[in-house]
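Engineer:
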Amino acid sequence: MAEISQLQQKIVQWDEAYYFRHKALVDDAVYDQARAKLARWNRCFPEQARSVTPVSQVVGRNVAHPVSQTGLEKLADEDAVANWLAVREEVWIQPKVDGVAVSLVYRRGKLARMISRGDGRRGQDWTSHARRIAAILPEISDTRAQLVLQGELYWRFDGHRQKNGSANARGLASGAMASKELSEEQAQRLAVFVWDWPDGPAAVPERLQALKTLGYDTTGFTHRVSGVEEVAHWRKHWYREPLPFATDGIVLRQGQRPAAEHWRAEPPVWAAAWKHPAETALAEVVDVEFPVGRTGRIVPVVEIRPTQLDDREIRRVSSGSFARWKQWDIRPGDQLRIALAGQTIPKILEVILPATRRTELDVPDPADYTPLTCWHPSSGCEAQFLARAQWLGDNLGFRGIGEGRWRALLDAGFLPDLVAWMDLSRASLGEIRGIGDKRAETLRWNFRRAGERSFRDWMMALGMPSAGSLSENFWRGENFASLSARGADDWRQLPNIGQGRARALVDFMQHPEVLALRDKLAARGIGGF
1 MAEISQLQQK
11 IVQWDEAYYF
21 RHKALVDDAV
31 YDQARAKLAR
41 WNRCFPEQAR
51 SVTPVSQVVG
61 RNVAHPVSQT
71 GLEKLADEDA
81 VANWLAVREE
91 VWIQPKVDGV
101 AVSLVYRRGK
111 LARMISRGDG
121 RRGQDWTSHA
131 RRIAAILPEI
141 SDTRAQLVLQ
151 GELYWRFDGH
161 RQKNGSANAR
171 GLASGAMASK
181 ELSEEQAQRL
191 AVFVWDWPDG
201 PAAVPERLQA
211 LKTLGYDTTG
221 FTHRVSGVEE
231 VAHWRKHWYR
241 EPLPFATDGI
251 VLRQGQRPAA
261 EHWRAEPPVW
271 AAAWKHPAET
281 ALAEVVDVEF
291 PVGRTGRIVP
301 VVEIRPTQLD
311 DREIRRVSSG
321 SFARWKQWDI
331 RPGDQLRIAL
341 AGQTIPKILE
351 VILPATRRTE
361 LDVPDPADYT
371 PLTCWHPSSG
381 CEAQFLARAQ
391 WLGDNLGFRG
401 IGEGRWRALL
411 DAGFLPDLVA
421 WMDLSRASLG
431 EIRGIGDKRA
441 ETLRWNFRRA
451 GERSFRDWMM
461 ALGMPSAGSL
471 SENFWRGENF
481 ASLSARGADD
491 WRQLPNIGQG
501 RARALVDFMQ
511 HPEVLALRDK
521 LAARGIGGF
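For the sequence shown, position 113 (counting from the first letter as 1) is numbered 113 according to UniProt numbering, and the numbering increases by one without interruption.
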């Protein structure tokens, strides 16, 4: 399975960018999903398994942590959080500050060393930089032989709201620490959030107070929780409200934990994380559809396996345009990176990993479709024709008639053109599968009201270019004959009508299919035709 090798190489590329150039090419959520997918593929195809050695295990291993940095188990959702809480007592919550984990080592009250997390056992010696960071205390009041604090070195913001994005907070912090010398701004903007004191007071309230006395106060960001509702409240609160740092979730910790000498560089049972809603996600393509819109524009829609994004399950995502789809050549099996545009609409950011086996797709030719094609539901025209019917119904104020109803009329053979529905009786409508007497009456009510609509409404419904942008004054006294008599120069005299739009108006008003619809509407007594 060639995809295994490709995914392994992609992860190595991300690792090298992050650890050597201090640049995150993808969000944590996508990275974690890619690692999980590689592990799953390795289990399914052991003979082709490819592993990734974490770069953090092969660089910067020059200083040992006095107490191992443990890492955190990641809880997937509220159910996982509830299960975790159910078997624990006295649980405390903190924001999961998005920065770089460090150990601060004090000896006899003086800062002796700051060590990056590394692999949890050993990390880089960042002491020289630490001495320039104003927020890291050079001296504390506790003068014991050795005192170890663990926390997050972060980039300080003024009122950062995580819902607006991470602002590359981790990259700013790690990039600063990778520099040969901190700038004055870096030294002032970096700060530390101490989230543990391995050998500190056993009880959390006393430990928090002791940390405050030392000068590392986190009491305002540490709360006891007793149920998943409270956890969800704080997670949402820290996601939406302004904070001095970026966060990527919340951390839950038991009040009681083992002695520091028993800590290991692996996720412990006494702490776990629940990440914020993912800003981006890895998604696998299942299929690609090519719907043709009313104006003939084709915007491919990509069907993906159900993917969680910002607490929503995404199954379909637009490619944006036919040209964009063609550039990416998205096929079933491709791995995409997706996000929410404006936190509402899913969009494709890139193809992370194309499938090696390229599935053939029935791709329509965009050249076959224009704003003036498909006035009848002939072969290859069903999609654009249905889009025209939907547009017509919307602009005539039809209620309760969506694409499904139009398709039912089409499948029953009652919709050979855009206005054939005007001749349908209630009895004929009642014969259509899935409609019945009540819905048939609703359809007839809509159809009767259509005859009362204005000439302007009808021209908009038929798809006349720029009809909606023309003023009410323009439409007074106008009819089909007067509009069709206008040439391109006449149209260009109107506000916001350029050469291209003027030509489109002339083409529309003189098109044989539009003229045929004019005749049918005139025969039915519709005003203006």
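Think of the CB as a built atom: it goes at the ideal place given N, C-alpha and C, for glycine as much as any other residue.
Bear in mind that the values here come from a model prediction, so they are computed numbers and not experimental data.
Skipping 5 residues on each side, what residues in its chain have a beta carbon closer than 8 angstroms to that of residue 135?
Structural biologist: To locate residue 135, count along the sequence shown from 1; it is residue 135. Closer than 8 angstroms at Cβ, skipping near neighbours: 156, 190, 191, 192.
Engineer: Count the other CB atoms, across all protein chains shown, that sit within 10 Å of the CB of residue 58; report buried if there are 16 or more and exposed otherwise.
Structural biologist: In the sequence shown, counting from the first residue as 1, residue 58 sits at position 58. Reliability of the predicted coordinates at residue 58 is poor, the pLDDT of 47 falling under 50, and the value obtained from them is presented with this limitation in mind. The residue is exposed, with fewer than 16 neighbouring Cβ atoms inside 10 Å.
Engineer: Exposed or buried, what is residue 395 when buried is set at 16 or more other beta-carbons lying within 10 Å of its beta-carbon?
Structural biologist: Taking the first residue of the sequence shown as position 1, residue 395 is located at position 395. Label assigned to residue 395: buried.
Engineer: Any idea what DSSP makes of residue 398, helix, strand or coil?
Structural biologist: Your numbering for residue 398 matches position 398 in the sequence shown. In the structure shown, residue 398 sits in coil (DSSP, three-state: anything other than H, G, I, E or B).
Engineer: Check the DSSP bridge columns for residue 610 and list the partner residues they point to.
Structural biologist: With the chain running from 1 to 529 in the structure shown, residue 610 is simply not present.
Engineer: Contact check, residue 103 vs residue 66 under 8 angstroms by CB: the rounded distance?
Structural biologist: The residue you call residue 103 lines up with position 103 of the sequence shown. The residue you call residue 66 lines up with position 66 of the sequence shown. Indeed, because the Cβ distance is near 7 angstroms, the residues count as touching under 8 angstroms.
Engineer: Quick one, which of 187, 83, 162, 316 has its alpha-carbon nearest residue 131's?
Structural biologist: Looking up residue 131 in the sequence shown gives position 131. Here the closest residue by C-alpha is 187.
Engineer: Residue 379: buried (16+ other C-beta within 10 angstroms of its C-beta) or exposed?
Structural biologist: Numbered from 1 along the sequence shown, position 379 holds the residue referred to as residue 379. Per the 10 Å Cβ criterion, exposed.
Engineer: Between residue 352 and residue 26, is the Cβ-Cβ spacing less than 9 angstroms?
Structural biologist: The sequence position of residue 352 within the sequence shown is 352, counting from 1. The sequence position of residue 26 within the sequence shown is 26, counting from 1. Cβ distance < 9 angstroms, so residue 352 and residue 26 count as in contact.
Engineer: Measuring only from the beta carbon, is residue 426 closer than 8 angstroms to any heavy atom that is part of the ligand NAD?
Structural biologist: This structure does not include the ligand NAD; it has no bound ligands of any sort.
Engineer: Tell me which residues share the same chain as residue 317 and place their Cβ nearer than 7 angstroms to its Cβ, disregarding the 5 neighbours each side in the sequence.
Structural biologist: Numbered from 1 along the sequence shown, position 317 holds the residue referred to as residue 317. Result list for residue 317: 302, 304, 338, 346, 347, 348, in chain order.
Engineer: For residue 266, which residues of its own chain have a beta-carbon under 8 angstroms away from its beta-carbon, when the five flanking residues on both sides are left out?
Structural biologist: Reading the sequence shown from its first residue, position 266 is the one you call residue 266. Hits under 8 angstroms: 70, 71, 120.
Engineer: Since residue 275 sits in a beta bridge, which residues does DSSP pair it with?
Structural biologist: For the purposes of this step, residue 275 is taken as residue 275 along the sequence shown, with counting starting at 1. 249, per the DSSP bridge assignment.
Engineer: Do residue 127 and residue 112 count as a contact pair if the criterion is CB distance below 9 angstroms?
Structural biologist: Here residue 112 refers to the residue found at position 112 of the sequence shown. Here residue 127 refers to the residue found at position 127 of the sequence shown. Their beta carbons are under 9 angstroms apart, which means residue 112 touches residue 127 by this criterion.
Engineer: Would you tell me roughly how many angstroms separate the C-alpha atoms of residue 45 and residue 400, rounded to the nearest one?
Structural biologist: Sequence index remark: in the sequence shown, residue 45 carries index 45 (1-based). Sequence index remark: in the sequence shown, residue 400 carries index 400 (1-based). Distance between the alpha carbons of residue 45 and residue 400: 51 angstroms.
Engineer: Please return the same chain residues whose Cβ sits closer than 7 angstroms to the Cβ of residue 123, not counting the five positions on each side in sequence.
Structural biologist: Reading the sequence shown from its first residue, position 123 is the one you call residue 123. The answer, listed in chain order, is 60, 63, 65, 115, 116, 117.
Engineer: Would residue 75 be called buried (16 or more neighbouring beta carbons within 10 Å of its own) or exposed?
Structural biologist: Reading the sequence shown from its first residue, position 75 is the one you call residue 75. Buried, since its Cβ has 16 or more Cβ neighbours within 10 Å.
Engineer: Do residue 142 and residue 214 have their CB atoms nearer than 9 angstroms?
Structural biologist: For the purposes of this step, residue 142 is taken as residue 142 along the sequence shown, with counting starting at 1. For the purposes of this step, residue 214 is taken as residue 214 along the sequence shown, with counting starting at 1. Yes, these two residues count as a Cβ contact at 9 angstroms.
Engineer: Between which two residues does the beta strand (DSSP E) carrying residue 346 extend?
Structural biologist: As a working note, residue 346 is residue 346 in the sequence shown. From DSSP, the beta strand (DSSP E) with residue 346 extends over 345–353.
Engineer: Determine whether the beta carbon atoms of residue 426 and residue 408 lie at a separation below 9 angstroms.
Structural biologist: Here residue 426 is taken as the residue at index 426 of the sequence shown, counted from 1. Here residue 408 is taken as the residue at index 408 of the sequence shown, counted from 1. No, Cβ-Cβ distance for residue 426 and residue 408 is not below 9 angstroms.
Engineer: May I ask which residues mark the beginning and end of the alpha helix (DSSP H) holding residue 82?
Structural biologist: In the sequence shown, counting from the first residue as 1, residue 82 sits at position 82. Note, residue 82: alpha helix (DSSP H), 78–86.
Engineer: Among 417, 365, 344, 461, whose alpha-carbon lies nearest the alpha-carbon of residue 398?
Structural biologist: Taking the first residue of the sequence shown as 1, we reach residue 398 at position 398. Of the listed residues, the one whose Cα sits closest to residue 398 is 461.
Engineer: What residues are listed by DSSP as bridge partners for residue 125?
Structural biologist: Indexing the sequence shown from 1 puts residue 125 at position 125. Paired residue(s): 115.
Engineer: Quick check on the DSSP output: the alpha helix (DSSP H) that includes residue 163 runs from which residue to which?
Structural biologist: As a working mapping, residue 163 is identified with position 163 in the sequence shown. Here residue 163 belongs to no alpha helix (DSSP H), and DSSP marks it neither H nor E.
Engineer: Measuring only the C-alpha atoms, how far is residue 80 from residue 336?
Structural biologist: The residue labelled residue 80 in the question sits at position 80 within the sequence shown. The residue labelled residue 336 in the question sits at position 336 within the sequence shown. Each residue's Cα considered, the two are about 26 angstroms apart.
Engineer: Roughly how many angstroms separate the alpha carbons of residue 178 and residue 40, rounded to a whole number?
Structural biologist: Walking along the sequence shown from the start, residue 178 turns up at place 178. Walking along the sequence shown from the start, residue 40 turns up at place 40. Roughly 34 angstroms between the two C-alpha positions.
Engineer: Counting Cβ pairs, one atom from each stretch, are 3 or more of them under 8 angstroms apart for the stretch 410–424 and the stretch 312–329?
Structural biologist: No, because fewer than three Cβ pairs between the stretch 410–424 and the stretch 312–329 fall closer than 8 angstroms, the two stretches do not touch.
Engineer: Buried or exposed: where does residue 249 fall if 16 or more other Cβ atoms within 10 Å of its Cβ makes it buried?
Structural biologist: The residue you call residue 249 lines up with position 249 of the sequence shown. So residue 249 counts as buried.
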